[in-house]
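Numbering (the numbering used here), first residue to last: 360 to 540. Just so it is clear, CB atoms sit at the ideal spot from N, CA and C, and this is done for glycine as well. One structure is given here, and the rest of the page talks about it.
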Amino acid sequence: MSNKKITLLIATAIIALFVIITTSMYFSYNNQEVSLRKDSEAQRSKVEGVYDKMWKILQEKASVTGEYKDAFASIYPKLIAGRYSQGDGSLMKWIKESNPNFDTSLYKDLMASIEAQRECFQTSQERMIDIIREHETLCNTYPSKWFISNDSEIKYTVISSTATKQVVATGKDDNVDLFHK
360 MSNKKITLLI ATAIIALFVI ITTSMYFSYN NQEVSLRKDS EAQRSKVEGV
410 YDKMWKILQE KASVTGEYKD AFASIYPKLI AGRYSQGDGS LMKWIKESNP
460 NFDTSLYKDL MASIEAQREC FQTSQERMID IIREHETLCN TYPSKWFISN
510 DSEIKYTVIS STATKQVVAT GKDDNVDLFH K
């Protein structure tokens, strides 16, 4: 074989290899982008589901706690009045007797649920933010940015309180009185 044919064969092989690598990169980066976009859609639904679950659990537990408090408040005075209003000194028995106690475990359970549900919700939002970060990194770094077909932003608004939004906007957090005294 002549040098011309060998050179042409090598050049063709290099071009073919370049086309194969470029095509592979195109499909790989675009598949990553599509995967992250689908992850974000799924995570958006998860955030909504976690938020809905969180509020349903907290509302239902708060309702049970409130019902318990109301029931105790209506039963206890009648119980005490009926037991110790005879005027026969039975009021002093109150010290020795075991009287019904208001059980605060429901409130402790409610507080634990609030913390756990809020943590779960925060974790689901953090995952969404991570997906968006991964997507932006993929779309804005080389060489992937040369190959991505759809580099449009994934939109998501972090769910937060008005007070938090104001603190972030102003850079000031002056409201540190937790008990509003």
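Taking one C-beta from the segment 411–424 and one from the segment 528–535 each time, how about it: are there three or more such pairs within less than 8 angstroms?
-> no
CB of S399 within 9 angstroms of CB of I518, strictly | no
Under a three-way DSSP split, which group does T558 fall into?
-> Because the chain spans 360 through 540 in this model, residue 558 falls outside it and cannot be assessed.
Within 9 angstroms, strictly: CB atoms of V409 and S464 = no
Tell me whether the beta-carbon of I513 lies closer than 9 angstroms to the beta-carbon of R396.
-> Yes.
For the segment 370–384 and the segment 472–480, state whether three or more C-beta atom pairs, one from each stretch, are separated by less than 8 angstroms.
-> no
Three-state class that DSSP yields for I373 in the structure shown | helix
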